[in-house]
Every structure is written in C-alpha cells, then in structure tokens.
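As you go down the protein sequences, you meet chains E and V in turn. Residue numbers 0 to 685, in numbering that gives the first Met the number 0, belong to the letters of the first sequence in order. Residue numbers 0 to 685, in numbering that gives the first Met the number 0, belong to the letters of the second sequence in order. C-beta: ideal position from N, C-alpha, C; glycine also.
Protein chains: 2
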Amino acid sequence: MSALPPSVRGVPASPNRRTIVVQRPLGRIPVGNVQPQVEGGQFPAVAVVDEEFTISAEVFREGHDAVNATVVLTDPTGAEHHYAMTCTNVGLSRWEAVVCADRVGPWTYRVEGWSDSYATWDHDATIKVAADVDTQLMLEEGARVLERAVSEVDRPERSQLLLREAIERLRNKSLPTAERLGAGTAPEVHRELTARPLRDMVSPSPEYGLRVERHRALYGAWYEFFPRSEGCHLDEGTGKWVTGTLRTAAARLPAVARMGFDVIYLTPIHPIGQTNRKGPNNSLDADPDDPGSPYAIGSEHGGHDAIEPTLGTFADFDAFVAEAERLGLEVALDLALQCSPDHPWVHEHPEWFTTRADGSIAYAENPPKKYQDIYPLNFDNDPAGIYAEVRRVVEVWISHGVKLFRVDNPHTKPVEFWQWLIADVAESHPDVIWLAEAFTRPAMMAMLAKVGFQQSYTYYAWRNQKWELEEYCRELAGTAAAYMRPSFWPTTHDILTPYMQYGGPAAWKIRAAVAATLVPTYGIYAGYELLESVPRPGVEEQIDNEKYQFKNRRWEDYEPGGPREGQLWMADYLARINEIRRLHPALHWLRNLRFHSADDENVIVYSKRRLVGAQDDTIIVVANLDPHTTRETWVHLDMPALGLDWQAGFVAKDLITGNSWQWGQHNFVRVGREGEPVHIIHVRRF
Amino acid sequence: MSALPPSVRGVPASPNRRTIVVQRPLGRIPVGNVQPQVEGGQFPAVAVVDEEFTISAEVFREGHDAVNATVVLTDPTGAEHHYAMTCTNVGLSRWEAVVCADRVGPWTYRVEGWSDSYATWDHDATIKVAADVDTQLMLEEGARVLERAVSEVDRPERSQLLLREAIERLRNKSLPTAERLGAGTAPEVHRELTARPLRDMVSPSPEYGLRVERHRALYGAWYEFFPRSEGCHLDEGTGKWVTGTLRTAAARLPAVARMGFDVIYLTPIHPIGQTNRKGPNNSLDADPDDPGSPYAIGSEHGGHDAIEPTLGTFADFDAFVAEAERLGLEVALDLALQCSPDHPWVHEHPEWFTTRADGSIAYAENPPKKYQDIYPLNFDNDPAGIYAEVRRVVEVWISHGVKLFRVDNPHTKPVEFWQWLIADVAESHPDVIWLAEAFTRPAMMAMLAKVGFQQSYTYYAWRNQKWELEEYCRELAGTAAAYMRPSFWPTTHDILTPYMQYGGPAAWKIRAAVAATLVPTYGIYAGYELLESVPRPGVEEQIDNEKYQFKNRRWEDYEPGGPREGQLWMADYLARINEIRRLHPALHWLRNLRFHSADDENVIVYSKRRLVGAQDDTIIVVANLDPHTTRETWVHLDMPALGLDWQAGFVAKDLITGNSWQWGQHNFVRVGREGEPVHIIHVRRF
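Shown next as structure tokens:
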C-alpha cells in the first residue's frame, strides 16, 4: 500500500511549508509559462497513448541572437524524446510543438530553451555579406559554427560529410563569395541542423508530470443497464416479478455489442438492504417484494465485496465478464460508497460512520430531509482502516476482471481519499480507469480530475443551445483537456431533461449523435432505444425508475417475428453512429475539435481531423439543435482547420444518409426533423 | 556573495529534473488555484509595505458540511498573520481576503481550507429545529461544538464566559426551545467564532513567496536630467561650451524639489570614451570638443566605478547626494552595462567581450549597422568574473548613498544575471530598487520583473487612446501587479512620440496628469517644463539630443526679473500634480484603480480609493485624451467603486481649478484644451 495522505498520517499536507520560497534559478535562456501546467505543476497533465497535444512556452533571450526551443518528453524508463518547437508568435515569444506519448505510465515533460548559433550566423551573414560588411570574417565564422556542429553533435556519416563539404567551400577563397556563403546557408545544411541541431546554452524549464493512460480513458461508447431488469418478467401466475440475473443480463450483451458499444456499465450488483427499503418511485412504503435500490448497499448477504444473491454468484459474474470480453465489451462497475443500515460494516465498524450525540448512527440527510435507507461513511474517525478496506474491495473486483469503475457521487467523499486510492491502484493496475459521477460545482469536478479520475460526467445534459455547447466544448477540448476527460450522457437513470421529455424522436437522435461526435467518450442508458421520455411528475428523471423496481423492456418483441419487429430504429441509429465512430480515427480524440459557423443560431457545425500515416481523416458534423423544426442555413467552414485551402472544393459524404454533395467554404444545408437532424460528413479530398 | 546561477556554476538549472513529479498531497479540504501565483509559484509575488492586495483561492469540500478559509501570511521572522477569507462566489467556490504586509523582506503566504463545524451546526440546527426534527439532539450537538470552541481555541476570559453561557442555555431544558437555539446562534456568538474560529481539518495550500519592499518601489515622481547640461553654457569669448558639473547640477535640485518630485535620476556620470565618439544628433564625425554620449562608458579615467572628471569628483557626488537628501530627493543612477573601446575592462578583461574570428573585439551591431563606439559585454566567457565585478561596481555607488538604479537595456544582458545580482544586493541592501528600461517584448519585460526588478518602464508612451489605456492599465493594475510595477513616462531622452510632437500644450498636460494619476510611479525628463516637442527629422526623439551635446535651458530666464518670468506654467502644473499626489493617499497605490464610463470615446474616467484609518480618500480623474478639441460628454460612475450608494450625491471638487460641482451617478462634463483637459476630482462625502 502506498503512503497514506499526510492528513491521515497526522502530518501537515505541505511538509516544507515553513521554508521561505526561493526563486527558481532561471537558466541562461529564459523559458516561461509552459503550457499545459495543471495548478502550476502541482498535478500532472494527462494524455492517452498516441494522443497528440500541444506543449507551448515563452522562450526568449537577451539581445538579438537567435533562440530556439525543444520539448523533451521523458518516458517511464527515463528515455528522452525530443520535439523541435516552432515560434508561432514572434511578438509574444510563443513556441509550440505537437507531441505524443507512446506508452502508459508516469512521464514528464520540460521545455529547453537554447541559443541557436547557426541561425544567428545565417541571419547575420546573409545580411552582412550582401552589404559587403566583414565578408571574410563572416564566412570564417560560418565555418567555425559548422565545425562545432560536426564535433559536438552526433550525426550520421553522410551528414558529417555534407557539413564538412560546406565548411571547405566556406573557406575556399577561389570560389565566388556568393557560392561560399551559399554553401553554408544551403537548404540541405538547414535541414541537417534542424534534424540534429547545435544547441548552445541549453536551459530547461522545470519538469512537469504527465500521466499517460490507455486509449479507453479517452475514447469509448458506454451502455448502462440494471442487470436485474435484463430478463426480468412479471409472472402472470403469481402476479409477482421474477428478477433478471447476471446470467439473463449476459444474454443481452450480444445486442449491446451489435449496437457497437465498447463498455457495459452495471449499476451496483451488491446485496441490497432491507431496513427502510424504498418502494417504486422513491416511495417510503416498500412492498416486501420490491427489490429496493441497488444504491442501498449491504445486507446479511454481505457488502461491497459481495453479489446480491438474487442476481447470482461470483461464478455468474465471471461468466458475465467472459461473455462481455468475447463480444469486445469491457465491464464497468458502479462504486457507490454508502451503506444500507444492514451493511456488515455498520456492525463491524461503527467507527466508519457518524455517531450522533444520542449514540445513534447518522443517516444521510439534506436538512430537514432524511434518507433513512442510507448511512454515509465517515472517513475521519479511522481513515487508515476505511482506506484499506475500500482498497481491498476494489481489488476483489479487479481480480474478477473489472478495469472500469464508475464512482457514484465521489464529491461526497474526501477528495484526498480518491487521490490516494486511484494512485495506489494505478501502481499495480495501470489499466484501471475511474469515471467520476460528480454532478456538482466546477472547482470540485476539476479537482477530482486533477487528483486522478480519468473521466468525468459533465454538464452536457443541460447544454442544449449552440452557444453554450460551443463555449463548454471549447473549454473541455482546450485548457481543461490537460487534466479532465469528458463523458457525454444525454440521459442517465437519474437525468431526463425537459429537452428529452418534449423533443420527440429528433431530440433523441440529436443528443446521441452530438454527444458521440463532440467528445470521444459518450454513454447511453438502457431504454434510449425506446425513447423513454416520460418523467416522474415534477422530477427530471424517468417515471417508474429502475432504481426502485423491475423494468421489462420486452426486447424480444422487436426481434424478427415479434409483434414490434422493425420498430427498434433508434437502436439502428445508435449502431450506425458507433460504426462511424469506429471507422473514423478523427472521432477518437478530444483536442482536435474545431468549430465552424452557421448563420442559423440553432445549427451547430464542428469538425475533427486526424492524420494517421498517409490517411487524412476529417469529419464535419452539422446538427440542427432545434428538434421541432427543419432549418435551412448557410454553413461557413474554416477551411485551414480541415487541412484545405480557402478556395478548395471537396466531396461531402453524409455517413448517415449516404448522400454526397460538392462542398467548399460556403455551403447551403437543410437539416432537421423532416429529414435527418444531424449530418455526419466525411471529407473526401480530390 | 550568494550562490551563482546554476549555468554559471556548470550545473543544470533544474537539479531535480529527472525526478518523476509526484502529485501534491491535497489535504483534507481541497484548496486550489491560489492567486496571485507567479509562474505557478516559481517566483514570488510582490507587494510594498502596507499595500493592500487580494489573495483568492477555490476552497470546497465533499458533501454538505460548511467549509471556511484563512489566508496565512508569514513574515520574515516566521510570525504568522491570519486573515479571514470570504466566499465571493458560491458557485465557483471562490474565497478572498484583502491582506497587507507591514515590513520589508521575504514573506510567504498560503491559504488554509478548514471544516467549519460551528457553521455546519448553525445551518442544520436552524432548519431542523424549525421543522422539529431531532430538536434535543441538535441542541446538544450545538453545546458540544461550543465546548470544543472553548477548549481548543485560545480566547479571552470574557469570550470564554460568553460561550459557556451559551452552552448552558443550549442544555437548559427549562427554557423554550427557540431560546435555547437562539443562545447558540446569537450574533455575539457568531462574532466570537468569526474572530477566533474553531478550525477543524485545517488544510494548507503550498506556500508561495511574497517579496515585500519599501513604498518607493511602488510610488514616486521621478525627474531625469543630464548633470552636464545643468549649469552648462556657451562661452561667448571662446565660442566653446563650458560643461555643467555635479556642483552646478546640485544647484538645480531645489527647483526640482519645489516641483514636488521624489527622485532625481541622473544619466550616466562615468568617464566617456574618445574612440569613435558620437557628435551632435548621433553623427559619426564628432568635434574634439563634443562631450560624447554618456552611454559610451569608460576612458583612461576609469569605467563604471569612476566619475567623468569634467563632472567632478566623488566628493562632488557625495555633496550632490547630500543636497538631494536635504531636499527630500532620492538619487537614481543609470546602470548602463556597456563599454566604450577605451574602457579599462577592454584591456584588463578582453574575455568579458566577444572576440571575432579575426581576433578583434566585436562592436555593437544590428546587421548591417555597426555602433563602433560601443563594445557589448559578453557574459558567457567568464561569468563568475564579470558578475563579481558588476557587483563590486554597484557596491561602490551604494556606499555613496545610491539606492535606486535605472538599468539601461537590461534585456540585452542575460536575465539570469539580473536575477542573481538583484537578489545578491537585496541580501545586504533590502532597500535598493531597480528600474528596468526594457522597451521590448512582453515576455521579456514580465520576466525581468519576475526575477527581481522592482519597477519597469512600460508601453505608456505609445498608449494614447482610451480603449488601449484602459486595456493596458487593467492588466497592469490587475494580474500583472502581482509581479510588475509600472513606471509611466510621457517622454524620455530617447522617446518623443507624434502625440507629444503635434499635440501642443494640452497634450503635455494630459500625458503628465494621466501618468501621474493612473499609476503611482511616473517620471518626467528635463525640459518637459518647456514642452520641448521638436524631433530630429524622421526619428521619434528630440532634435539636438542631450545624449550628444550640451543643452542650456536657461532656467534663470524664468526667474523673477528674468526675461521670461512667469512663463514656466508647465512647471507649476507639474508642481500642482505632485502636490495632489502627496496629499492624497488614494494616488499612492496601483491595485485600487477602477475605470468608469463616459459616452465620448476620448474621455477617460477612472478613480482610486484608499481608506486610511477613518479617512476615506477617493480621487476621480476625468481626462480628455484628444488634445485638439474640447469635448462635452456624460460620465457614468460605478458608485460602489467609490464607496457610495447608486443614489448617493457628493461634492466633486476639481483639485486643478478649485471648482466644485454637485455630482451623482451621471454627470455632464466639459473638458479639453479651451479649459483644463484633465479634472482631478476629490470626492467630498456628505
């Protein structure tokens, strides 16, 4: 087990905080404002394997001599990878390089500023020789710079010869001056010195952390279901519900896989408490046959390390995981750290809960409301004990093949606990991914990401307008991408916004297609295929919520020969979107998102582009966010963002309908509920 | 001598850069995004003694319990000063406190987040008792929280009694419930727990550096002159110039002091080289009698540690400093680290210069232009030697009473040299102040400030429009104030912008008054009193520049009985402005700048406010930036920024003209060249 947080060990969080801060020694060539920089470097930046991202810095020096800069990525083995930087804004001294890490683990990055003696000579000599000032001197100085370039930098034999020849010609007084200068400033000499530069006065920035994780941390399509609903049915004879099990739920996996999802996420599968069990629609008077909320965890059958007996056994769970794996699905488990009053921890470790002045254990409450079926954990009485126990529980599930944890309400537990837990698990299981369900204030959401959560639910469900989606996604794909990876969910079992309640089928298409293309990770809650849009009155969640009762969606009715055969068109739509996602590398990334403009305030236009070897994959999405009306508008493309000249034309192939159009910078579109509300366009270059 | 920079010592600048970065342990209550934070804490923030500034952070916690926060300033002796923070944006978890340091030296600051058990109880108990939920329990829990407040926090006897009485009443079952609750939630109990809070789970942010310096680092009016011009005259007999000296220049000091300036800044006073000496208007053919540029430093008479013999001796310099001191003026010296070819260093330390391939020493050049009267220093051949020599030179002048150095072109010397020099001098002379003359790109200017320069020349001379002044000053008084202190100069001996060339008397008034009131430090170059607005053709500097020749301004002509008696009205204007600055504490600070609006795009309106004890000093400036036209416009005041209600009225007294008006939120003004172009208004409250 890695070291517990300082507060748990009883030592101050900043052990050196009495030390007067000393200035960073600057180095010979100043390097400032390195970006990304998460909380000034207190937390690592994040990336997944092969993710391209930009590292920038202000690099400058005294006087007029040429400066240059390199990004150095250091991989977990200590090997260094150099990337040449480019000055993108001379006035602001801004240098940039696009970099990318090729394996999982703790990396670091720094920017090295350096004095570019060759560029200095090239600049000065070109001007001075043209003006016949110090001509012989400048030619000799060029020869000396190139001599150092040969002797001080490792380079192949052929490159050495190239430079030696240039040196000789620079000094050859029998040649015309222009030819001698030209030998030193030739394009091939420039290329050689760009590939293997002569770097003087190399001055490194501080070293910043970079947490590199597997691609699933950034990219994936998730499908959520309640296993007990999959295969449940009302027994006509007894009038009672027969529960679905892990075995019957596994039978649903092929359909989920056929729709093209990557992850199957299960709400909690642990034993459910009896005390104060909730009934349908969150009622307080449960019938003895009501299954209870799977979030009221713990009974005589065990706690977070156990499986609700009516769902099956660990053997059934292992079979479920194996079937998912066979179908190319990863299993995500819900980690909801709260207890029913019947949880074994309540009896064995009452110190893990809050004891009131009257000696009773505190329920969850939001004064004056009480949630008497739930005891929240108290991490402060015995942090070391509770940390170790949760760590043990997590290891149980990892040992049964779980690598994804969707954490329920992480913002109601100490953030430093997550920081420790995620880091400790990563030491032995670097492929484990944590998704934070923190629908809360921005500072908390961001901090959970900074301390380790690989993914975060977002405000997507409540961002329905073009302006707010653009603003939000510019943040998510921009500065926030350095520490947080968004997951977009149009609905969940807890969220059914008015847009989805009233938008009709077009709304359900739009919100899925936009989620699936704006960001690389999105998720769907079971029943999305059926447009389940009826809320519990006065609450923005489904009526007859599966949290409290069984839900038989009668998937078999939609199968060939069934009474509703062919009516599951939304499942086909999701399948098509997921297929497009798989086929198009452009959609596998976050930071490549670019917005374009449309005259209509409801039509959003954005693109993603990714070069894979020789393949230039570019997708443009045109979506009418108004589910009630078909809209016609002009769309204006930022052509360079597509890798095209402003005057270029291309074939726009809509991957939803198969239609193709001849497009350029300005294009007329008709999009909305009467046809398809979303175009997902593949750019076919001439 | 303090440790040399790593690059000078031949060690990497980031000694630990191979260490994989570990996340900062977060602490129990997350504290993020502490501001100010200079380059993520790599450099200290700055303030002067008694300067009020805001420290902010995001502070939040898991769940619903109340959080609170404290700023802890640690002074150079290690004593801690606590400031209660206020939540200024609940949604963004933003907390702030205005703090202020009371002595010069290296301070630090941190933000401590903590769990506020009393506030949690107060919130929950108020709601639950009103709903009669857990009433007895809540009253008892209140008593227990207050018991801890008594036993765990030092407080005066009287405060202890207050809390003990509240505890007793909370538990007194013979009292009505409302009275018992009221005893625990009473205003005086709140006040006591605000003054001496019960802080649980105290979680500190990292410790950030704070360089606290004397007030002159932020506030002062500077006057620049060339000492040889003060008292020089053309000898009618010989037809030759007789130089001014340190003695004759000292005779001008009373007039400078009468105008109300705080600092007298001298261009270099060192021996001037003969080789390639420049003649009038930067010509290459100097007459033997031309005095040469004081920036071509070094001759047979010595270098940077010597005085040009024609100016006088060290005894004369000491007398000059003594006279200045008598008049309340501090002396600022020019530190121009460059050499004439005749400088002793050239012979004694050729390694401190750049040797070309032909063995010659390199002149300054901007290819293909050459400046053959100047050899730039090369800091890279013998950095330890040159560092020590400059340090010695600086000490010479400090030992003669100089505490202010105006550094000529610091951006042409290694930045790390300044970082070392300024820190090394500060160790023994914490009252020495450095002004950077770095008219260069923003990144370099900012970095020079971050590594130690207390003051920076700015782009003020080229910011003449309202929108650009507002934008620039919002930056300077906002985020940049954490590391850089601006000095505003309408002109210098090198700068005469078109605005000043063509704007006429109104321009000269406007630019001085606005400089003097927008920021606390501003400066004037001699001759401003005479509106010397004629440029050398094609160049934005004065014709017959004093850098290359004597200039006799015949100040005596303006004295009583002189031929121009009474014509020195601009000197009176400057004196009035400086008097207003001295009398009004509001103008002694930078971060208190607030902009207001005016309908006319040429009329700028801003205010500054400072509370000193019971005195509320507020100044509003209304300036017409168009020197050619009188303008009438409505001015709209941000009344809360003035400490006034939106509906309030006040007497606006113009400190320039003495006029008074009855003002409120909206006011009509007439301002411009036909009257006074700038109102400097004192707010007189009812």
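Straight-line measurement puts the Cα of Pro413 of chain V at about 54 Å from the Cα of Ala647 of chain V.
The beta carbon of Arg580 of chain E is closer than 7 Å to those of Ala220, Ala515 and Leu586 in its chain, skipping five residues each way along the sequence. Among the CB atoms of chain V, one or more fall inside 8 Å of the CB of Lys127 of chain E.
Here Glu675 of chain E carries a coil assignment [DSSP, helix/strand/coil]. Per the coordinates, the alpha-carbon of Asn408 of chain V lies some 52 Å from the alpha-carbon of Ser1 of chain E.
Beta-bridge analysis with DSSP links Trp662 of chain V to V:Phe649. In this structure, DSSP gives Asp372 of chain V a state outside helix and strand, which the three-state scheme calls coil. The DSSP-derived three-state label of Thr632 of chain V is strand. Bounds of the alpha helix (DSSP H) holding Tyr386 of chain V are Pro382 to Ser398. Here Trp417 of chain E is not near Phe378 of chain E, since their CB atoms are 8 Å or more apart. Taking a contact to require three or more Cβ pairs closer than 8 Å, the segment 100-108 of chain E and the segment 123-140 of chain E do not qualify as touching. Here DSSP, grouped into helix, strand and coil, assigns Pro4 of chain E to coil. In the DSSP assignment, the residues bridged to Pro534 of chain V are V:Gln541. Those residues of the segment 160-183 of chain E placed with their C-beta closer than 8 Å to a C-beta in chain V do not exist. Within chain E, not a single residue places a beta-carbon under 7 Å from that of Pro349 of chain V; the smallest gap is close to 17 Å. DSSP lists no bridge partner for Pro562 of chain E. In the three-state reduction of the DSSP assignment, Glu307 of chain V falls in the coil class. For Thr176 of chain V, the enclosing alpha helix (DSSP H) covers residues Thr176 to Thr184. Non-local C-beta neighbours of Gly141 of chain V in its own chain, meaning closer than 6 Å and more than five positions away in sequence, comprise Trp120, Ala124, Leu169 and Gly183, ordered along the chain.
Burial is judged here by how many other beta carbons sit within 10 angstroms of a residue's own beta carbon; Lys368 of chain E has fewer than 16 and is exposed. Sequence-distant partners of Pro267 of chain E (beyond 5 residues in either direction) whose C-beta falls short of 7 Å from its own C-beta, in its chain, are Pro293, Tyr294, Ile296, Asp333 and Ala335. By the neighbour-count criterion, in which 16 or more other beta carbons inside 10 Å mark a residue as buried, Pro536 of chain V falls on the exposed side. Counting only runs that start and end inside the segment 333-368 of chain V, the alpha helix (DSSP H) elements of at least 4 residues fall at 343-347. Taking C-beta atoms under 8 Å as the contact rule, Thr632 of chain V and Val602 of chain V qualify, at a distance of about 5 Å. Interface with chain V (8 Å Cβ-Cβ cutoff): Thr457 of chain E is excluded.
For the segment 20-44 of chain V, the beta-carbon criterion of a distance under 8 Å to any beta-carbon of chain E is satisfied by Val20, Val21, Gln22, Arg23, Pro24, Leu25, Gly26, Arg27, Pro29, Gly31, Asn32, Gln36, Glu38, Gly39, Gly40, Gln41, Phe42 and Pro43. Going by DSSP, Pro504 of chain E is part of the alpha helix (DSSP H) stretching over Gly503 to Leu517.
Counting C-beta pairs with one atom in each stretch, the segment 589-609 of chain E and the segment 550-557 of chain E have fewer than three that are closer than 8 Å, which means they do not touch. Listed in chain order, the non-local C-beta contacts of Phe667 of chain E below 8 Å within the same chain comprise Glu631, Thr632, Trp633 and Val634, local neighbours out to five positions each way being set aside. Proximity of the segment 81-100 of chain V to the segment 51-61 of chain V meets the contact definition, three or more beta-carbon pairs being nearer than 8 Å.
Going by DSSP, Tyr222 of chain E is part of the beta strand (DSSP E) stretching over Gly219 to Phe224. Cβ-Cβ distances below 7 Å link Val201 of chain E to Glu111 and Trp113 in the same chain, with the five nearest sequence neighbours on each side left out; the list follows chain order.
Non-local beta-carbon contacts of Pro4 of chain E in its own chain, meaning distances under 6 Å to residues more than five positions away in sequence, involve Glu415 and Trp419 in chain order.
Comparing C-alpha distances from Cys86 of chain E to each of E:Phe549, E:Ala65 and E:Glu235 shows the shortest one belongs to E:Ala65.
For Thr119 of chain V, the enclosing alpha helix (DSSP H) has its first and last residue at Ser116 to Ala129. Ala130 of chain E has a beta carbon lying within less than 8 Å of a beta carbon in chain V.
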